[in-house]
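Chemist:
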Amino acid sequence: MDSYLPPGDTPDLDLNVVSQALAGLTPRPGTQSRAQPCRPANSGHSDGEKPVEPKDKEQILGAITVDRDLRIVSSNLGPRCFDGLTAVPGEPFVDLLPPSDVPAVTRRLRRVVETRDPHVARVQRIPKPDGSELIVSLSILPSPPPDDGLTISFIDMARRFHLYAAASSIGTTLDVGETARALAASLLPWGDVVAVSLDYNVWTGEQVEDRTRLRRAALAPERSWPDGFLTPGEDLPQRARVFLGQDTEAHDVQGTVVLPDRAAIERALGGDPRLLRALVPMEGPLCMAGVPLIVEGPDGEAPIVLGVAEVWRRPDGPLGPFGEDLIDMQELVSRTAGHVDNARRHEREHAQVIALQQRLLPPSPTSTIEIASAYEPTTPDSAGVGGDWVSSFPLPGGRTALVVGDVVGHGLGAAAAMGQLSMEARAHLSAGLPPDEVLARLDETVTLLDDSETGLAAGYSALNSTCCIVCYDPVENRCTMSSAGHLPPVLVHPGGRVEIITPRAHPGLGTAFVSDEPFETTEFGAEPGSLVALYTDGLVESTSASIEEGIGTLSRALARIRPGDDLKEAVSRTVGALDPHRHGLRDDVTLMIARMVGRPRGDVATVSLPVGDPRIVPRARSLAAVRLRRWGLHERTYDATLVVGELVTNALRHGAGEITLRLIRTGSRSVVCEVSDPGNGRPWQHRADPLDEHGRGLLVVHAVADRWGVRWNDDGGKTVWAELTA
Numbered sequence: 017m018d019s020y021l022p023p024g025d026t027p028d029l030d031l032n033v034v035s036q037a038l039a040g041l042t043p044r045p046g047t048q049s050r051a052q053p054c055r056p057a058n059s060g061h062s063d064g065e066k067p068v069e070p071k072d073k074e075q076i077l078g079a080i081t082v083d084r085d086l087r088i089v090s091s092n093l094g095p096r097c098f099d100g101l102t103a104v105p106g107e108p109f110v111d112l113l114p115p116s117d118v119p120a121v122t123r124r125l126r127r128v129v130e131t132r133d134p135h136v137a138r139v140q141r142i143p144k145p146d147g148s149e150l151i152v153s154l155s156i157l158p159s160p161p162p163d164d165g166l167t168i169s170f171i172d173m174a175r176r177f178h179l180y181a182a183a184s185s186i187g188t189t190l191d192v193g194e195t196a197r198a199l200a201a202s203l204l205p206w207g208d209v210v211a212v213s214l215d216y217n218v219w220t221g222e223q224v225e226d227r228t229r230l231r232r233a234a235l236a237p238e239r240s241w242p243d244g245f246l247t248p249g250e251d252l253p254q255r256a257r258v259f260l261g262q263d264t265e266a267h268d269v270q271g272t273v274v275l276p277d278r279a280a281i282e283r284a285l286g287g288d289p290r291l292l293r294a295l296v297p298m299e300g301p302l303c304m305a306g307v308p309l310i311v312e313g314p315d316g317e318a319p320i321v322l323g324v325a326e327v328w329r330r331p332d333g334p335l336g337p338f339g340e341d342l343i344d345m346q347e348l349v350s351r352t353a354g355h356v357d358n359a360r361r362h363e364r365e366h367a368q369v370i371a372l373q374q375r376l377l378p379p380s381p382t383s384t385i386e387i388a389s390a391y392e393p394t395t396p397d398s399a400g401v402g403g404d405w406v407s408s409f410p411l412p413g414g415r416t417a418l419v420v421g422d423v424v425g426h427g428l429g430a431a432a433a434m435g436q437l438s439m440e441a442r443a444h445l446s447a448g449l450p451p452d453e454v455l456a457r458l459d460e461t462v463t464l465l466d467d468s469e470t471g472l473a474a475g476y477s478a479l480n481s482t483c484c485i486v487c488y489d490p491v492e493n494r495c496t497m498s499s500a501g502h503l504p505p506v507l508v509h510p511g512g513r514v515e516i517i518t519p520r521a522h523p524g525l526g527t528a529f530v531s532d533e534p535f536e537t538t539e540f541g542a543e544p545g546s547l548v549a550l551y552t553d554g555l556v557e558s559t560s561a562s563i564e565e566g567i568g569t570l571s572r573a574l575a576r577i578r579p580g581d582d583l584k585e586a587v588s589r590t591v592g593a594l595d596p597h598r599h600g601l602r603d604d605v606t607l608m609i610a611r612m613v614g615r616p617r618g619d620v621a622t623v624s625l626p627v628g629d630p631r632i633v634p635r636a637r638s639l640a641a642v643r644l645r646r647w648g649l650h651e652r653t654y655d656a657t658l659v660v661g662e663l664v665t666n667a668l669r670h671g672a673g674e675i676t677l678r679l680i681r682t683g684s685r686s687v688v689c690e691v692s693d694p695g696n697g698r699p700w701q702h703r704a705d706p707l708d709e710h711g712r713g714l715l716v717v718h719a720v721a722d723r724w725g726v727r728w729n730d731d732g733g734k735t736v737w738a739e740l741t742a
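Counted the way our numbering counts, the sequence shown spans residues 17 to 742.
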């Protein structure tokens with residue numbers, strides 16, 4: 017009959033010996049692990065090794081010995097973490113385990129009994145009488161001969177699991193504030209109050225400077241705070257730098273500052289009542305640990321302090337004064353510092369992209385068109401701001417370009433492609449190219465951006481980006497449109513009838529390998545009072561409905577806009593009406609609505625000039641002079657007649673067929689002179705030789721006009737225009 021020791025811990029079961037045995041089973045760099053039995057305490061130590069002397073606060077190791085029948089012989093469960101767990105000699109060891117784990121652990125125990133090969137580091141749950149659970153690393157070691165039983169060690173994993181769980185909850189977002197709040201909540205088990213403050217530049221995304229400027233980022237727990245205590249969003253006084261050790265002696269745990277009592281806290285803050293009220297969260301006995309958030313400096317420079325986490329607690333409370341737990345706190349804060357720096361970098365990138373997109377938004381309305389737009393980027397904690405963009409700008413002849421695009425991808429790569437495409441589109445349209453030719457050039461640009469050697473960024477591709485261009489002529493009250501794979505514009509007629517302007521299908525930019533069809537233009541009427549809406553897919557996409565249904569919802573919202581409605585408010589209402597349709601999808605939302613005003617008939621004068629009339633040039637000058645005086649543009653009358661004469665002469669000499677002169681008053685002090693002819697030769701200016709009788713016309717136009725250029729017409733002809741401002 018087996019004999020067992022009475023219940024309770026047994027001094028003969030030395031935890032130092034168990035610790036050494038476990039260490040022998042843990043491989044060191046460049047060594048083999050040593051499988052050896054757990055020797056008794058009086059066996060001595062080879063190679064001059066000394067047993068580990070565990071400190072009470074660090075002790076997380078317990079052990080139980082069992083016989084071949086797996087019944088408990090003795091135990092040492094002295095460390096505080098095992099309080100409540102009782103190993104009764106003579107009872108089966110597996111009675112300590114959850115019933116579901118008994119078969120698997122029993123097989124492991126019997127295998128070690130038979131083979132004498134240790135089994136190390138099984139993560140195991142151990143129920144406690146109070147209903148809680150221990151999480152331990154369980155190792156099974158063979159007892160030395162002649163004993164044929166086992167020594168089973170427990171290493172408490174609570175600290176590791178808490179750190180793992182806390183670290184797992186931090187860094188799941190690229191939002192600075194959310195990361196700070198997650199850190200504060202994760203540190204709360206070590207204190208009564210946690211305050212996280214970050215350098216001001218972390219919020220703006222800029223590089224943190226040498227002298228830290230702190231702003232409160234998070235507080236835990238959520239509760240009401242004393243009057244005067246600084247809350248999130250408020251700047252901390254410079255004296256708060258004592259919590260970073262920059263004005264006081266730092267603790268020896270990697271820069272952590274410990275103020276062990278209220279007297280030390282008051283000394284650190286100079287006894288200033290205002291500072292104490294602003295920075296100290298509680299009355300009575302108190303201690304504080306300030307753990308800095310530190311990251312490595314760029315290019316080997318000095319480390320950068322991003323902020324500080326303050327853990328406040330009562331030294332006479334359950335947690336007591338700060339001790340070894342500082343190491344755990346510092347480890348968690350150190351991990352978080354990298355996430356905060358990532359969030360800072362993302363914030364900088366996010367701000368740069370937003371600034372670029374804001375610069376592309378339509379300017380103030382002109383006398384011929386009213387424009388309003390909305391751009392709602394994805395949230396900062398997403399993969400990055402997308403490549404949606406809208407742009408509006410004046411074109412020669414008082415026309416207006418409306419452009420919308422959606423560049424593939426997110427972040428700076430997409431932003432760079434977006435900026436290049438938008439500026440290139442503006443340059444080509446301002447030079448007079450029609451929308452289809454502009455898209456053809458953008459198509460080539462996207463192909464170049466995708467090139468591995470000349471592209472914008474490694475791994476980034478703008479292929480299949482989409483774009484739609486609408487050019488509005490307020491004189492003709494017509495729009496010319498061309499699209500590359502983009503969603504169709506929505507036209508709302510003055511009476512409220514909605515029309516989807518669907519061009520001939522064409523894939524996105526840079527996809528010539530899919531289709532080599534040329535881009536085409538579509539024309540549609542846009543009478544004064546009409547609305548034209550351009551948008552991106554983020555506005556109409558949904559997980560529960562088709563794109564067509566989303567466009568239908570958009571169309572109904574646009575039809576509710578009345579002629580007298582403020583267009584900016586109408587845009588906001590329209591975006592809001594689409595919110596339920598999107599069902600929380602996270603994509604950039606872009607919408608631009610243009611209300612066509614048109615050009616008053618009295619601001620336009622058009623006349624056809626017969627080519628056979630020998631007095632065609634003087635007649636054109638006379639017509640221009642009369643019209644400008646009628647418009648009150650006396651200051652530029654002479655210059656306008658000079659420009660008109662040179663342009664008509666050029667058309668006579670180099671053009672073919674009928675010549676049309678059109679004068680457009682584009683403002684109270686500006687006029688555009690246009691001369692059109694069927695010829696397709698491109699006018700160009702050059703410096704004539706001194707004896708040449710001709711060749712100076714465009715030099716004169718260039719010297720007199722504020723701007724001039726050439727626009728190609730749909731009928732194959734051209735229009736040469738010049739703008740003059742008084």
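Yeah, the Cβ is synthetic: ideal placement off N, Cα and C, and Gly gets one too. Because the structure is a prediction, the values reported are computed rather than measured.
Run through DSSP, which three-state label would Ala640 get?
Modeler: Ala640 falls in the helix class under three-state DSSP.
Chemist: With a threshold of 6 Å on Cβ separation, who are the neighbours of Leu644 within its own chain once the five nearest residues in sequence on each side are excluded?
Modeler: If we look at Leu644 and ignore the five residues flanking it on each side, its Cβ neighbours are Thr653, Ala656.
Chemist: Mind checking which residues open and close the beta strand (DSSP E) that includes Ala610?
Modeler: It spans 605-612 - the beta strand (DSSP E) in which Ala610 sits, taken as one unbroken run.
Chemist: Assuming the contact rule is C-beta atoms closer than 8 Å, Leu204 and Val212 should be a hit. Round their C-beta distance to whole Å, please.
Modeler: With a Cβ gap of about 11 Å, Leu204 and Val212 do not count as contacting.
Chemist: Rounded to whole angstroms, how far is the Cβ of Cys484 from the Cβ of Leu550, which I believe are closer than 8 Å?
Modeler: Contact flag correct, Cβ pair sits at about 6 Å.
Chemist: Take Ala586 as the anchor and find which of Glu564, Ile609, Gly566, Val605 has the nearest alpha-carbon.
Modeler: Residue Ile609 is the option with its Cα nearest to Ala586.
Chemist: Please report the straight-line C-alpha distance between Leu246 and Asp341, rounded to a whole angstrom.
Modeler: C-alpha separation (whole angstroms): 27 Å.
Chemist: Looking at C-alpha atoms only, which residue of Gly300, Ser686, Leu507 is the closest neighbour of Gly541?
Modeler: Among Gly300, Ser686, Leu507, the Cα nearest to that of Gly541 is on Leu507.
Chemist: Where does Arg239 sit, in a helix, a strand or coil, going by DSSP?
Modeler: If DSSP states are grouped into helix, strand and coil, Arg239 belongs with coil.
Chemist: Taking a contact to mean a Cβ-Cβ separation below 7 Å, would you say Ala667 touches Val688 in this structure?
Modeler: For Ala667 and Val688, no; Cβs fall outside 7 Å.
Chemist: In terms of residues, what are the limits of the alpha helix (DSSP H) holding Leu663?
Modeler: Per DSSP, Leu663 belongs to the alpha helix (DSSP H) from 653-670.
Chemist: Give the list of continuous alpha helix (DSSP H) stretches no shorter than 4 residues that lie fully inside the stretch 274-316.
Modeler: Correct list: 278-284, 289-295.
Chemist: Looking only at C-alpha atoms, which of Val139, Val224, Leu677, Asp85 sits nearest to Asp163?
Modeler: Closest by alpha carbon: Asp85.
Chemist: Are the beta-carbon atoms belonging to Arg646 and Val660 less than 7 Å from one another?
Modeler: Not a contact, by the Cβ cut-off of 7 Å.
Chemist: Among Arg681, Ser148, Val664, which one has its Cα closest to the Cα of Asp693?
Modeler: The option with the nearest alpha carbon to Asp693 is Val664.
Chemist: Along the chain, where does the alpha helix (DSSP H) containing Asp750 start, and where does it finish?
Modeler: Residue 750 cannot be examined here, being either before or after the span of the chain that is shown, 17 to 742.
Chemist: Determine the extent of the beta strand (DSSP E) in which Ile680 is found, giving its start and end residues.
Modeler: Residues 675-683.
Chemist: In three-state DSSP terms, what is Val717?
Modeler: Helix.
Chemist: According to DSSP, is Thr482 part of a helix, a strand, or is it coil?
Modeler: Thr482: strand per DSSP, three-state reduction.
Chemist: Can you name the residues that DSSP bridges to Asp85?
Modeler: According to DSSP, Asp85 bridges with nothing at all.
Chemist: Using a threshold of 7 Å, state whether the C-beta atoms of Ala359 and Leu190 are closer than that.
Modeler: Yes.
Chemist: Alpha carbon to alpha carbon, how far is Tyr391 from Val420?
Modeler: The alpha-carbon atoms of Tyr391 and Val420 are separated by roughly 11 Å.
Chemist: For the candidate residues Val128, Pro161, Pro115, Pro160, whose alpha-carbon lies nearest to that of Arg141?
Modeler: Checked all of Val128, Pro161, Pro115, Pro160; the closest Cα to Arg141 is Pro115.
Chemist: According to DSSP, is Val209 part of a helix, a strand, or is it coil?
Modeler: Of the three classes helix, strand and coil, the one that applies to Val209 here is strand, per DSSP.
Chemist: Could you name the residues of the same chain whose beta carbon sits closer than 6 Å to that of Ile168, not counting the 5 residues immediately before and after it, in chain order?
Modeler: Excluding positions up to five away in sequence, the list reads Ile80, Ile156.
Chemist: Which of the three DSSP states is assigned to Ile744 in this structure?
Modeler: Because the chain in this structure spans residues 17 to 742, residue 744 falls outside the shown range and cannot be described.
Chemist: Quick one, which of Arg138, Leu77, Gly725 has its alpha-carbon nearest Gly448's?
Modeler: Cα-wise, what sits closest to Gly448 is Gly725.
Chemist: Does the beta-carbon of Ile563 have 16 or more other beta-carbons within 10 angstroms, so that it is buried, or is it exposed?
Modeler: Ile563 should be labelled exposed.
Chemist: Around the C-beta of Ala521, are 16 or more other C-beta atoms found within 10 angstroms, so that it is buried, or is it exposed?
Modeler: Exposed is the call here.
Chemist: CB-CB under 7 Å to Ala575, same chain, minus the five flanking residues each way: which ones, in chain order?
Modeler: Excluding residues within five positions, the ones whose Cβ falls inside 7 Å are Val508, Gly512, Val514.
Chemist: Determine the DSSP secondary structure at Gln346, reduced to helix, strand or coil.
Modeler: Here Gln346 sits in helix by DSSP.
Chemist: According to DSSP, simplified to helix, strand and coil, what is Glu557?
Modeler: Note: Glu557 maps to coil in three-state DSSP.
Chemist: In terms of DSSP beta bridges, what is Ser90 paired with?
Modeler: Bridge partners of Ser90: Thr81.
Chemist: Taking the alpha-carbon of Pro248 as reference, which of Ala234, Arg290, Gly580, Gly566 has the nearest alpha-carbon?
Modeler: When each option's Cα is compared against that of Pro248, the closest is Ala234.
Chemist: Distance check for Met304 and Thr195, CA to CA, integer angstroms please.
Modeler: Going by the C-alpha atoms only, they are around 22 Å apart.
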